Amino acid sequence: TVIPEAAYALIWLWIFNPLYGPLNLILGALGVTPPAWLVNPTTARLAFVIMSLFQIGEGFVIILAGLQTIPRSFYEAARVDGATRWQSFWRLTLPLIMPWLLLLTFRDLLVSLQNTFTPSFIMTYGGPYYTTTFIPLLIYEVAFDFFDYGLAAAILLLAYILIGLIILGIVFLVDYRRGEYGWAE
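Residue numbers (this note's numbering): 192 to 376.
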């Protein structure tokens, strides 16, 4: 739903407020000149990166679930064979959690079209100087501000094709790695 995303954007709008936002109050108390977060193109992008960092917890839970499916005996066997931790990660852990990473990438690519629209629409409307105009907001502007529905549909189609190609590349990589490490069905 849109309501939690709107509330999330409004909370971050308050946090980044240059006059009474808690982040700038903390920076001012530390003697750092607080920036106008959503006015400067560089800090506006940084603000959206900071916001997105608070949304990655769900992915960590999924990766943790994937890691817990790997039997400890695999690591013990690798240690007996003389594998270092780094070799165990690259030759054991990464190939075995690759399907989980594929799931996360697939989900995040599709959800990114939804999760970037509301904050950028509410907080900056794509500004300053289009630095926070993400694909969903661009599609919205083209369709409903400029009334060019055909171009908006073409942009959306290209975005879906790009996402599809990325997902196919990841599926190919997983299938290739699956055959390389011998853990196919």
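The beta carbon of each residue, even a glycine, is placed where N, CA and C say it ideally should be.
As the structure is a computational prediction, the values presented were derived from the model and not from experiment.
- request: Give me the Cα-Cα distance between Met242 and Arg236, rounded to the nearest whole angstrom.
  value: 10 Å
Validate contact between the segment 282-292 and the segment 251-261 using beta carbons, cut 8 Å, 3 pairs: yes
- request: Evaluate contact between the segment 299-306 and the segment 348-364, counting only Cβ atoms and requiring at least three cross-stretch pairs below 8 Å.
  value: yes
field: Where the alpha helix (DSSP H) through Thr323 begins and ends
entry: Unbroken run through Thr323: none, as it is neither H nor E.
Three-state class that DSSP yields for Ile352 in the structure shown: helix
message: Do Leu329 and Ser311 count as a contact pair if the criterion is CB distance below 7 Å?
response: With contacts defined as CB atoms closer than 7 Å, Ser311 and Leu329 fail to qualify as a contacting pair.
message: Using beta carbons (cut-off 7 Å, strictly below), is Ala268 in contact with chain D?
response: Structure shown: chain D not included; a single protein chain is present.
- request: Give every residue of the same chain whose Cβ lies closer than 8 Å to the Cβ of Ala256, excluding the five residues on either side of it in the sequence, and list them in chain order.
  value: Shown here for Ala256: same chain residues with a beta carbon closer than 8 Å to its own, the five before and five after excluded, namely Trp291 in chain order.
query: Going by other Cβ atoms of all chains shown within 10 Å of its Cβ, with 16 needed for buried, is Pro225 buried or exposed?
result: buried
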